[in-house]
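For reference, the structure discussed in these notes is given below.
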Amino acid sequence: MNFQIQREMPRAQRAWLSIFLFLAAGALAFAPQKTHAQTGASREYQIKAAFLFHFAQFVEWPSVDFTNANAPFVIGVLGDNPFGNALDEIVKGESISNRKITVQYSRSAEDLKNCQIVFVSKSEKTRLSRILAELNRKNILTVGECDGFTQLGGVMNFYLENDTVHFEINPDAAAREKLKISSLLFRLGKIVTTRPKN
Amino acid sequence: MLFRNPSLKRKLVGTIFKTSLSVLLLTCVLLFYYEIHSYRQATARNLSSMADIIAANSSAVLIFNDQNLAQQILAGLRVEPEITAAAFFDDNGKLFAKYPAALPDSAFPTSPEPGGIEIQTAQLMLFKPVMQGQSRVGTLFLQENLNLTSHLKVYGLVLFLILAGSGILALFLSNFFQRQISEPLLSLAKVAKTVSKQKDYSARATKTSDDEVGDLTEAFNSMLNQIQASHSALSQSEEKFVRFMRHLPGLAWIKNRDGQYVYANAAAQKIFGKDAENLYGKTDKEIFPPKTAEQFQRNDQMALNSDVGIQAIESLQHADGSVHYSLVSKFAIRGAGSETTHIGGMAIDITERKNAEEKLKQAHEETLAASRAKDDFLAALSHELRTPLNPVLLVASDAANNSQLPEQTRASFEMIRRNVELEARLIDDLLDLTRITRGKLLLDQRPLNMHDVLQQAIATVRMDAEKKQIALALDFRADIQIVFGDAARLQQVFWNVLKNAVKFTPDGGKITVKTFMKGDALFIKIIDTGIGMNAEELGRVFDAFAQGDHAEGGAHRFGGLGLGLTISRKLVELHSGSIHASSEGKGRGATFQIQLPLAQITKKDGTLPSTKSPARISPSTLSARADTNPLRILLVEDHEPTRTALTHLLARRRYEVATAASLSEARSVAAKENFDVLISDIGLPDGSGYDLMAEFRQRYGLKGIALTGYGMEQDVARSQKSGFMAHLTKPVRMESLDGALAAILDGKPNSVA
């Protein structure tokens, strides 16, 4: 019998817990607005920021990708920063495979060639092909938010459906970048293949 | 077959069956509980691993907030019908997805538990944290119906079938295996039954195993050996007993407590006139006449009450009508518990012995009667012989002492007196011998000076000795002469011996009388120079009517019947003394030695004051006394000459005398006058002097003197009893009567003269 549920608590302790939960609930209720206000990011981007962090948890990078054992896990944001400081907040203190996570903002793909994940902002909509070409075969999980991103050779792409954030996965692109994407992600994401160039 | 021998087999089968069934049942119960437990555990494990899989595949769903997919994942549980509810809670604890989708939210926990599995009676509830890396992204909830009932139904049915099958198997197996135990026991029991029913002690059980049953069989067989041995010994002993009893000449029988015959030997069956068939089981009442049966039963009862049994004489009328007497021994036969179970009896016919005894008794009585008749005849004879002597002696003795008569006349009277006394002596000797022989002589014993007694005896023979010019020499040397004895009888002894000495000593001879002491005895020797005796004569000198060869030629020469020495020896022996005769041969004299025990009187000089002869009272003294106070005497005597002589003699002594010849005459005389003394004969024509004495003593207070020819001891005793103060045996010397009268005057009885 492995009852791990602690059902019994002293009465006073339970009362304090109730109060705490009440306050916590209130705090959570206000948290989005507050976060939104502080981070300057919409709810959509907060979710997208969280998704970016969580993608790191479901994807394996080839070990050669890192320069040394202490090299950080870097998430790059290419183009305009839609997250405000939301992404920074999310990865703050987190780590992937014992590597600290850092966020690097840049407008040049060249700068982000050493990142493990590169988010291509909406602002780069017109330069997607060139960016993807630059980041091609650099073991980088490229995540876009514009329609056709994955068809162009991007690994993953956010899209909205019923105001909910979803994502696509291009397994060919992942394989090309030597990324092993967890089957769990595959079940969640819409599978997309690279559109051949004409 | 199964229960042919119910008890033992059934018990064994039952025991084995019950044991196995109990064990099985217990096993089943344990199995059952174990199954419940393990089923729960297994289910829990199953659920837990299912949860692990789902949770591992659900983190992304929760992370990426995909409710649809979450529901799809949960919907996959459809294949597990036991899972009744499932749900995801997100990291905020809010219900995120549920299964079945139709179930209302209220059917689920409002908030997730931290994690773990809760096993309830009918269901399992599991909370599994869904982790992504180190962080908890949500919680999986699973609820599974244990469905214990249906599961256990199946399981129980299986168990029951196993139980039933095992039970039946156990029943058959136990029935099979119990034979190993029961069969040796049953065969043992069979043998035991055979032994007890058919008394066949030769039967033996077969030993089939080396276990305890085998030991039991061996013990049983060895017991049978012993029983067989003792049984055959017993039957041999019984055979011996029966044979013994069959040839027993006496009767032997055994009755039970109810008095029924259970055994009677051949002799008993013959005498009872019943064979065994008609006798056994019957009581005495059914066999014998009522009186006989009563007699038997009374003795039986006495035997029952006695520890050692009884002996009795029983009479039984035989079949031929003759009455037989039996000496019967009856005894109780006791059982092991010491209570009486039977009465044993044995009898021998003593009819002949009894008849012989009867005859013997009769003969003895006849002999006694004859002896009494002889005594009576002797007494009568002595009485009749003495009676005529009585007046002669009275007159002669008086005349011999009468100083007024001339010397020559007195000598003649003296001669008459001596011969009358000799005649009386002979008669007395005859009576004495009879008395002594019959042990009826009574001694009047008192301390006596033997020298005095001897002197008096010598005085009686002195005259005879002088006549034959025999010298009498006295040599008294005994310092102590006191003997406890009867003076008259001892004087009689000495007189007899002295008289013999004088008789057998020729003229001019010598008689020496010696006394001396030796030890505690006084010895008296009387030595004569007479004709002596040879050895043969010495041998029978003390026998009655034996006077030696010399008597053959002339009994008249020596006179006497030869009773004196016989009586003397008996008298000495009555005084615890002895008498011996010795002689150196014919013509060389004889010596008689008398030994008497000295009385235990310690007086310095060893002498007593000399006893005066009571007879020596002179008539003149008496006359003087009579003058002053004349005694009135009533004389009752039917012998006329004696009466006349006595009257004359008493009157001469100045007594007043009245006479009577019979009881009636005496009574009429006594009625008219007063008397002081009664002198009476005993044998009177119309009664006895004893009766007269008793009557007169009571009526007039008279004192009396018996004057009779009956001199036997019992006569003297009876005389004393009736009140006579003196008993004088006829013939009476006047001196004796004078003494008795003097004693009466002194108020002292003088029983025997």
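Line order of the protein sequences matches chains A and B.
Those letters in the first sequence? Residues 4 to 201, per this note's numbering, in order.
Those letters in the second sequence? Residues 74 to 826, per this note's numbering, in order.
Beta carbons are placed, not taken as given, at the ideal position from N, Cα and C, and that holds for glycine.
Predicted model only: the values in this text are computed from it and were never measured.
- In the DSSP assignment, find the alpha helix (DSSP H) that holds isoleucine 344 of chain B and state where it starts and stops. 339-345
- Does the beta-carbon of histidine 304 of chain B have 16 or more other beta-carbons within 10 angstroms, so that it is buried, or is it exposed? exposed
- Query: Tell me which same chain residues have a C-beta within less than 7 angstroms of the C-beta of arginine 562 of chain B, skipping the five on either side of it?
  - Reply: Leu516, Leu644
- Message: With the cut-off set at 7 angstroms, would you say alanine 59 of chain A and isoleucine 99 of chain A are in Cβ contact?
- Response: yes
- Message: Using CA atoms only, rank isn't needed, just tell me which of A/Val106, A/Ala176, A/Ala89, A/Met159 is closest to isoleucine 78 of chain A.
- Response: A/Val106
- Message: Which residues in chain B have a C-beta closer than 7 angstroms to the C-beta of glutamine 60 of chain A? List them in chain order.
- Response: Gln205, Gly206
- Can you name the residues that DSSP bridges to tryptophan 326 of chain B? B/Ala337, B/Gly418
- Query: Is it right to say methionine 807 of chain B is buried, meaning 16 or more other beta carbons lie within 10 angstroms of its own, or is it exposed?
  - Reply: buried
- Which residues share a DSSP beta bridge with proline 479 of chain B? According to DSSP, which records beta bridges pairwise, proline 479 of chain B is partnered with nothing at all.
- Those residues which DSSP pairs with leucine 213 of chain B across a bridge: B/Phe161, B/Lys201
- Task: Determine the direct distance from the alpha carbon of serine 223 of chain B to that of alanine 30 of chain A, and round the result to whole angstroms.
- Result: Note that alanine 30 of chain A has pLDDT 40, beneath the 50 cutoff, so the model's placement of it is unreliable and the number below is only indicative. Cα to Cα, alanine 30 of chain A sits roughly 50 angstroms from serine 223 of chain B.
- Task: May I have the straight-line CA-CA distance separating alanine 420 of chain B from glutamine 301 of chain B, to the nearest angstrom?
- Result: 35 angstroms
- Output the boundary residues of the alpha helix (DSSP H) element that contains proline 670 of chain B. No alpha helix (DSSP H) contains proline 670 of chain B, which is instead part of the beta strand (DSSP E) from 663-670.
- Message: Tell me the DSSP secondary structure of serine 584 of chain B in three-state form.
- Response: With the sequence shown as reference, residue 584 of chain B is identified as isoleucine, and serine is not the correct amino acid for it. Strand.
- Integer Cβ distance of phenylalanine 42 of chain B from threonine 588 of chain B, believed to fall under 8 angstroms: In this structure chain B extends from 74 to 826, so residue 42 of chain B is not present and cannot be described.
- Item | For glutamine 374 of chain B, the nearest candidate out of B/Asn351, B/Pro363, B/Phe404, B/Pro714 (CA to CA) | B/Phe404
- Task: Measure the C-alpha to C-alpha separation of aspartate 380 of chain B and asparagine 294 of chain B and round it to an integer number of angstroms.
- Result: 41 angstroms
- Task: Compute the Euclidean distance between the alpha carbons of alanine 52 of chain A and asparagine 138 of chain B, then round it to the nearest angstrom.
- Result: 14 angstroms
- Message: Going residue by residue through the stretch 59-125 of chain A, where are the continuous alpha helix (DSSP H) segments of at least 4 residues, counting only ones entirely within it?
- Response: 89-94
- Hey, is leucine 191 of chain A's beta-carbon within less than 7 angstroms of any beta-carbon in chain B? yes
- Message: I need the straight-line Cα distance from glycine 679 of chain B to serine 651 of chain B, nearest angstrom please.
- Response: Interpretation of glycine 679 of chain B is limited by its pLDDT of 45, a score under 50 that renders its predicted location unreliable; the figure taken from the coordinates is listed afterwards. If I take the Cα positions, the gap works out to 22 angstroms.
- Task: For the stretch 53-86 of chain A, enumerate the residues whose C-beta is nearer than 7 angstroms to any C-beta of chain B, in chain order.
- Result: Phe54, His57, Gln60, Phe61
- Query: So is leucine 163 of chain A in contact with chain B if we call contact Cβ pairs under 7 angstroms?
  - Reply: no
- Could you check how far apart the C-beta atoms of alanine 340 of chain B and leucine 324 of chain B are, in whole angstroms? I think they sit under 8 angstroms. 5 angstroms
- Message: Check for me: the beta strand (DSSP E) holding leucine 751 of chain B runs from which residue to which?
- Response: 750-753
- First and last residue of the uninterrupted beta strand (DSSP E) at serine 131 of chain B: Neither: serine 131 of chain B is in no beta strand (DSSP E) and is coded neither H nor E.
- Query: Given that a residue counts as buried once 16 or more other Cβ atoms are within 10 Å of its Cβ, and exposed if not, what is aspartate 331 of chain B?
  - Reply: exposed
- Task: Could you tell me the boundaries of the alpha helix (DSSP H) in which threonine 365 of chain B lies?
- Result: 363-378
- Message: With a threshold of 7 angstroms between beta carbons, is valine 126 of chain B in contact with chain A?
- Response: Rather than valine, the amino acid found at residue 126 of chain B in this sequence is isoleucine. Not one chain A Cβ lies under 7 angstroms of isoleucine 126 of chain B.
- Query: If we cut at 7 angstroms on Cβ distances, does leucine 187 of chain A have a partner in chain B?
  - Reply: yes
- Task: Return the bridge partner residues of aspartate 601 of chain B from the DSSP annotation.
- Result: B/Ile584
- Leaving aside the five residues before and after arginine 1 of chain A along the sequence, list all residues of the same chain whose C-beta is less than 8 angstroms from its C-beta, in chain order. Residue 1 of chain A cannot be examined here, being either before or after the span of chain A that is shown, 4 to 201.
- Item | Candidates A/Ser111, A/Cys118, A/Ser126, of which the one nearest arginine 234 of chain A by Cα | Within the shown structure, residues of chain A are numbered from 4 to 201, placing residue 234 of chain A beyond reach of any answer.
- Compare the C-beta of aspartate 164 of chain B against all C-beta atoms of chain A and say whether one is closer than 7 angstroms. no
- Counting contacts by CB-CB distance shorter than 7 angstroms, is phenylalanine 181 of chain B in contact with chain A? no
- Message: For glycine 558 of chain B, list the residues DSSP reports as bridge partners.
- Response: B/Arg519
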